[in-house]
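*Asks:*
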Amino acid sequence: MASRWSISSLKSLMNVLPFRKIKSMKSSCGIWGFALLLLMCTSRNADTLTVTGGQSDSALFAADGSLPAITEVSKVLPLEKIKLPPGFVIEVYAEVDNARSLALSPSGTLFVGNRNGDKVYAVRDEDNDNKADKKWIIASGLNMPNGVAFKDGDLFVAEVSRVWRFKNIEANLGKNPKPVLVTNAYPDKTHHGWKYIAFGPDGKLYIPVGAPCNICESDEIFATITRINPDGTGREIVARGVRNTVGFTWHPVTRQLWFTDNGRDMMGDDLPPCELNFAARDGLHFGYPYCHGGTIKDPEFGHKQPCSSFVQPVQNLGPHVAPLGLKFYTGTLFPEQYRNQIFIAEHGSWNRSKKIGYRITLVRIDDRNRSLGYEVFASGWLDDATQKVWGRPVDVLVMPDGAMLVSDDHANVIYRISYRP
Ligand SMILES: [Ca+2]
Ligand SMILES: [Ca+2]
Numbered sequence: 000m001a002s003r004w005s006i007s008s009l010k011s012l013m014n015v016l017p018f019r020k021i022k023s024m025k026s027s028c029g030i031w032g033f034a035l036l037l038l039m040c041t042s043r044n045a046d047t048l049t050v051t052g053g054q055s056d057s058a059l060f061a062a063d064g065s066l067p068a069i070t071e072v073s074k075v076l077p078l079e080k081i082k083l084p085p086g087f088v089i090e091v092y093a094e095v096d097n098a099r100s101l102a103l104s105p106s107g108t109l110f111v112g113n114r115n116g117d118k119v120y121a122v123r124d125e126d127n128d129n130k131a132d133k134k135w136i137i138a139s140g141l142n143m144p145n146g147v148a149f150k151d152g153d154l155f156v157a158e159v160s161r162v163w164r165f166k167n168i169e170a171n172l173g174k175n176p177k178p179v180l181v182t183n184a185y186p187d188k189t190h191h192g193w194k195y196i197a198f199g200p201d202g203k204l205y206i207p208v209g210a211p212c213n214i215c216e217s218d219e220i221f222a223t224i225t226r227i228n229p230d231g232t233g234r235e236i237v238a239r240g241v242r243n244t245v246g247f248t249w250h251p252v253t254r255q256l257w258f259t260d261n262g263r264d265m266m267g268d269d270l271p272p273c274e275l276n277f278a279a280r281d282g283l284h285f286g287y288p289y290c291h292g293g294t295i296k297d298p299e300f301g302h303k304q305p306c307s308s309f310v311q312p313v314q315n316l317g318p319h320v321a322p323l324g325l326k327f328y329t330g331t332l333f334p335e336q337y338r339n340q341i342f343i344a345e346h347g348s349w350n351r352s353k354k355i356g357y358r359i360t361l362v363r364i365d366d367r368n369r370s371l372g373y374e375v376f377a378s379g380w381l382d383d384a385t386q387k388v389w390g391r392p393v394d395v396l397v398m399p400d401g402a403m404l405v406s407d408d409h410a411n412v413i414y415r416i417s418y419r420p
């Protein structure tokens, strides 16, 4: 039986212990280390999930198990620094710690994953004023639960190696819902192990497996996009040679798969580009680790296969911009020129001497899936002059009213971008 003592419980305990005290306990680190190891083994090896929503533990929670979705905390964010095209407005939609991937139910419940955190959240705008009012913790103690997807009333959550299904989730938001295991058959490597997940037009759940390294050849399952049936059966590899995609979507008309890919590191500030890719069919190879950006031979592996044997990106993005979530704009609120064009959340570089990314970009495409250009749509989370960063976009989602939500795992909020000329 899995212990009530989940990783999150231990983290909470560590948070309340005074830092000085932890330092003074250094001599007993062996015992703490062993205890930590034991706890990790207990909660990771058992395919049961310790759900510690904790709704009954605190006076902070309302009777329905919810927390306020917006507090004073986000009011200090310098939203006036965000540059948008004329007529666009950005506001805070909800506060969510380490807000990562987004998934929306047809009735308007927004589910939000974590990467550095261990939780999955739900938020709702109950009075339709375009700001969320209520927030629920769906689960705690998960291992990088970055991926969330919604289908037929059920919430799917991806950890590094496992996928869980929370049945009939909207009737159980504040009730510590118990999930069922969909699969535990994915590798447990944490390097590029956090997952974006989404249901395709074929009703299957798409799950990427990032390369377990910066640059390497590896077992067949790595550097791929896979898909499974909603019950976990029937795993297939859909695309190969994909280093680390943390965002994919389907064209609203052609229903074909589009995805971002994060380029390798340690080839300098300006190489290679990150990528926007389009998969015309299943079974294609997109180049990694042999070829980057369509034409750049990898210094170590490039001699093995020529760039001409791989699918080229539709658009090379900035080097190290870290493109994550992307969506076609399918609403009607934004001007006509944005319809069916691609918005990309660029999380921002981590090892470039001058930072790049930290913005929302737009790639315009024609009806033959060719890029017509790559431009900045929203910027200002990075101050170029001081190199200071106050926010990092992760995922984008088009709401039924045509507004666009953007998650930010650094400022711990979800923004709503609307058009009010
Ligand atoms: Ca509201
Ligand atoms: Ca590629």
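In numbering that gives the first Met the number 0, the protein residues as written are 0 to 420. Glycine included, C-beta positions come from ideal geometry on N, C-alpha and C.
1. Go ahead and pull the three-state DSSP assignment for S417.
2. Near S11, which residues of its chain fall below 7 Å by C-beta distance, leaving aside the five closest residues on each side in sequence?
3. Between Y185, F247 and T225, which lies nearest to D237 when the distance is taken from Cα to Cα?
4. Are F342 and L361 touching if we call contact CB-CB under 8 Å?
5. Measuring only the C-alpha atoms, how far is W193 from R242?
6. Take every Cβ of the segment 303–310, pair it with every Cβ of the segment 318–338, and state whether three or more of those distances are shorter than 8 Å.
7. Between the Cα of A148 and those of Y373, V181 and T385, spot the shortest distance and give me the residue it belongs to.
8. How should G173 be labelled, buried or exposed, when 16 other C-beta atoms within 10 angstroms of its C-beta is the threshold for buried?
9. Output the distance between the C-alpha atoms of A184 and P207, rounded to the nearest integer angstrom.
10. How would the residue list near ligand 1 read, in chain order, if you kept each one whose beta-carbon is closer than 5 Å to any heavy atom?
11. Where does the unbroken beta strand (DSSP E) through R226 begin, and where does it stop?
12. Sorry if obvious, but does the Cβ on H346 come closer than 7 Å to a heavy atom of ligand 2?
13. Three-state secondary structure (DSSP) at I81?
14. What's the C-alpha gap between N167 and L316?
15. Buried or exposed for M265, please, with buried defined as at least 16 other CB atoms from any protein chain shown within 10 angstroms of its CB.
16. Around the C-beta of T70, are 16 or more other C-beta atoms found within 10 angstroms, so that it is buried, or is it exposed?
17. For T259, count neighbouring C-beta atoms within 10 Å of its own C-beta (all shown protein chains included) and say buried if the count is 16 or more, exposed if not.
18. Between which two residues does the beta strand (DSSP E) containing P322 stretch?
19. Under three-state DSSP, which class holds S406?
20. With distances taken from CA atoms, which of V395, F277 and L404 is nearest V310?
21. Taking 7 Å as the cut-off, is the beta-carbon of D260 closer than that to any non-hydrogen atom of ligand 2?
22. In terms of DSSP beta bridges, what is Y205 paired with?
23. Suppose you measure from the CA of S417 to the CA of W380; what does that come to, to the nearest Å?
24. Closer than 7 Å to a non-hydrogen atom of ligand 2 - does that hold for the CB of G286?
25. State whether the segment 121–141 contacts the segment 190–204, with contact taken as three or more CB pairs (one from each stretch) at a distance under 8 Å.
26. Throw me the rounded Cβ distance for the H409 and V388 pair, which I believe falls under 8 Å.
27. What does the alpha-carbon distance come out to for the pair V122 and K134?
28. Look up T248 in the DSSP assignment and give the residues it is bridged to.
29. Consult DSSP for Y287 and reduce its assignment to one of helix, strand or coil.
*Replies:* Reading it off the structure:
1. strand
2. Low local confidence applies: a pLDDT of 40 at S11 is under 50, so the model's placement there is unreliable, with the coordinate-based value given in what follows. Contacts found: none.
3. For the sequence presented, residue 237 should be read as Val rather than Asp. The residue with the shortest Cα to Cα distance from V237 is T225.
4. yes
5. 13 Å
6. no
7. V181
8. buried
9. 13 Å
10. D124, D126, D128, K130 and D132
11. T223 to I227
12. no
13. coil
14. 39 Å
15. exposed
16. exposed
17. buried
18. P322 to F327
19. strand
20. F277
21. yes
22. A197 and R226
23. 18 Å
24. yes
25. no
26. 7 Å
27. 4 Å
28. W257
29. coil
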